[in-house]
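According to the working numbering, the sequence shown is numbered sequentially starting from 31.
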Amino acid sequence: MTNSNHSPFILLPVLQNVALDRLQRAVAAYAAGDYTVTVTCQDERGAWGYLKNGSSPEYGVVLTDQEQFCSCPDRMYRQLVCKHMVILALHILRTLPPEKAAA
Ligand SMILES: [Zn+2]
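Written as structure tokens, this is what we have:
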């Protein structure tokens with residue numbers, strides 16, 4: 031019996047559904063080190079964390095098979111896949127241990 035609940039797959043909808051211009055800004059901001067990413071929990075259900083950019087407010091992000099949440103205005107008012115969700119997903123994917131990333 032296969033288990034498809036590895037967190038890399040849980041993160042894919044964020045990267046598939048985000049608008050391309052927002053994906054581009056998220057990658058640029060992540061690559062530039064603009065965001066401090068604090069992963070508070072990560073397991074087979076997904077990932078939870080905080081993102082902080084300079085003096086801007088800190089946003090809480092949840093990416094699980096049940097829920098895609100961010101406390102920023104893009105998500106709370108406009109229900110968009112926001113750059114914070116993308117940055118948390120990128121961060122998780124890039125910091126996974128090799129055996130998990132290959133699973
Ligand atoms: Zn956000």
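The beta carbon of each residue, even a glycine, is placed where N, CA and C say it ideally should be.
The structure presented is a predicted model; accordingly, all values stated were derived computationally and were not measured.
message: Tell me whether residue 86, by its Cβ, gets closer than 8 Å to a heavy atom of ligand 1.
response: Annotation for residue 86 indicates a beta carbon at 8 Å or more from all heavy atoms of ligand 1.
- prompt: How many Å lie between residue 66 and residue 126 at the Cα?
  reply: Their backbone Cα atoms lie some 17 Å apart in a straight line.
field: CA nearest to the CA of residue 79, picked from 43, 114, 60 and 40
entry: Nearest to residue 79 by alpha-carbon distance, out of 43, 114, 60 and 40, is 114.
- prompt: Just to confirm, does residue 91 get its C-beta within under 8 Å of one of the non-hydrogen atoms of ligand 2?
  reply: The model on display carries ligand 1 but not ligand 2.
- request: Name, in chain order, the residues that DSSP records as bridge partners for residue 72.
  value: Residue 72 is bridged to 77.
message: Using the three-state DSSP reduction, which class does residue 45 fall into: helix, strand or coil?
response: DSSP places residue 45 in helix when its eight states are reduced to three.
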